[in-house]
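J.:
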Amino acid sequence: DKINKFSDEELFQEALTFVLAGHETTATLMTWTLYNLASNPDICHRLEEEIDSVLHDNEEITISTISLLTYTECVLKESLRLHQPAAAIIRTAVEDNTLIASDGKHIHIKKGTDIMINLYMLH
Numbered sequence: 001d002k003i004n005k006f007s008d009e010e011l012f013q014e015a016l017t018f019v020l021a022g023h024e025t026t027a028t029l030m031t032w033t034l035y036n037l038a039s040n041p042d043i044c045h046r047l048e049e050e051i052d053s054v055l056h057d058n059e060e061i062t063i064s065t066i067s068l069l070t071y072t073e074c075v076l077k078e079s080l081r082l083h084q085p086a087a088a089i090i091r092t093a094v095e096d097n098t099l100i101a102s103d104g105k106h107i108h109i110k111k112g113t114d115i116m117i118n119l120y121m122l123h
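In UniProt numbering, the protein residues as written are 1 to 123.
#1: With a 10 Å radius around its C-beta and 16 neighbouring C-beta atoms as the bar for buried, classify Thr113 as buried or exposed.
#2: Tell me the DSSP secondary structure of Ala88 in three-state form.
#3: Between Ala88 and Leu119, which are expected to be in contact by the criterion C-beta below 8 Å, what is the C-beta distance as a whole number of angstroms?
#4: Please tell me whether, using a cut-off of 7 Å, the distance from the CB of Asp103 to the nearest non-hydrogen atom of the ligand FMN is below it.
#5: Any idea which residues DSSP pairs Asn118 with across the strands?
#6: Please report the straight-line C-alpha distance between Leu99 and Ile107, rounded to a whole angstrom.
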């Protein structure tokens with residue numbers, strides 16, 4: 001029974017993904033959220049009111065309190081919508097395929113073709 005193992009290059013790429021996906025994206029979200037809140041004091045005030053109403057006297061955040069922070073969740077999601085941490089998603093086609101565009105045009109994609117989805121263009 002053969003055991004599949006990561007090559008050194010695959011291990012490096014996975015570690016790099018963990019670092020970038022876990023650190024940079026969080027930092028980017030927090031930076032843009034703070035910018036958006038500073039630019040919109042009314043939203044900042046409403047957010048502060050929600051947090052104060054849910055977390056009393058510096059209460060610890062728990063799973064049950066997070067679910068009550070619905071406006072906070074909306075603020076974070078809007079920041080992500082406006083300012084995605086990653087500009088694009090790149091995938092490689094695993095098989096030949098044909099896409100049909102809205103004008104009826106057939107777009108042939110060969111196996112192995114890199115496909116980039118520009119996240120800013122999805123709006």
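Glycine included, each C-beta is placed from N, C-alpha and C at the ideal position.
T.: The short version:
#1: The count along the sequence shown starts at 1 and reaches residue 113 at position 113. Exposed: under 16 other Cβ atoms inside 10 Å.
#2: Along the sequence shown, one-based indexing puts residue 88 at 88. If DSSP states are grouped into helix, strand and coil, Ala88 belongs with the strands.
#3: Counting from 1 along the sequence shown, the entry for residue 88 is found at position 88. Counting from 1 along the sequence shown, the entry for residue 119 is found at position 119. With 8 Å as the limit, Ala88 and Leu119 qualify as a contact, their Cβ atoms being about 6 Å apart.
#4: Questions concerning the ligand FMN fall outside what the structure shown contains, since it holds no ligand whatsoever.
#5: Within the sequence shown, numbered from 1, the residue matching residue 118 stands at position 118. BP columns for Asn118 point to Ala88.
#6: Sequence index remark: in the sequence shown, residue 99 carries index 99 (1-based). Sequence index remark: in the sequence shown, residue 107 carries index 107 (1-based). Using only the alpha carbons, I get a separation of about 5 Å.
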